[in-house]
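A.B. asks: Submitted below is the structure of interest, expressed as structure tokens.
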Amino acid sequence: MKIFILIFIIFVVSIIVTLKLITSQEHVMSPDIPKLDSKEYDAGKQMYQDNKETLYRQSTETEINNQKLRAFAKAFVNVQSYMNKAGSKAIYKETMKIVHNQGLSVNDYTRIATMMNENPDFRNNVEKMINEAK
């Protein structure tokens, strides 16, 4: 049982890390711009400006709506229940099926879990939903 849980955690973490590497966005700018935080710059020269707060707000407001968060909470509770019952005989395909039965993709489930790790306020909101789903 402990080995399976460890393998499952390693698998989830590897998915999260892979998604983070794939979706990370770096600043891309023209070499003649001296500082990113400079207020005097030509908007045409800066090709990309990353504002993590805006990016977080956009992703949570547009991509992760309350319906998906409630589905995540239910899926999380059901996956944990299945893992506890199945023990060492738990099958990854079954956990995928549980997630899909709640109307979520594995990517959405992983993305929400990643966002929970990155933002304490978001985590508190989702934890409330998880407690309500129990």
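In this text, residue positions in the sequence shown follow the numbering used here: the first is 1, and each later residue adds one.
We put the beta carbon where it would ideally sit given N, CA and C, even for glycine.
1. What are the boundary residues of the alpha helix (DSSP H) that residue 116 is part of?
2. If you reduce the DSSP assignment to three classes, tell me which class residue 64 lands in.
3. In whole angstroms, give me the CA-to-CA distance for residue 10 and residue 3.
4. In angstroms, rounded to a whole number, what distance separates the CA positions of residue 116 and residue 71?
5. Quick one, are the C-beta atoms of residue 1 and residue 88 less than 7 Å apart?
6. Can you list, in chain order, the residues of its chain whose CB lies under 8 Å from that of residue 92, leaving out five sequence neighbours each side?
7. Mapping the DSSP letters down to three states, classify residue 86 as helix, strand or coil.
8. Mind checking whether residue 90 and residue 83 have CB atoms under 7 Å apart?
9. Helix, strand or coil for residue 1, going by three-state DSSP, please let me know.
C.D. replies: Reading from the atomic positions:
1. 106–118
2. coil
3. 10 Å
4. 15 Å
5. yes
6. 8, 11
7. helix
8. yes
9. coil
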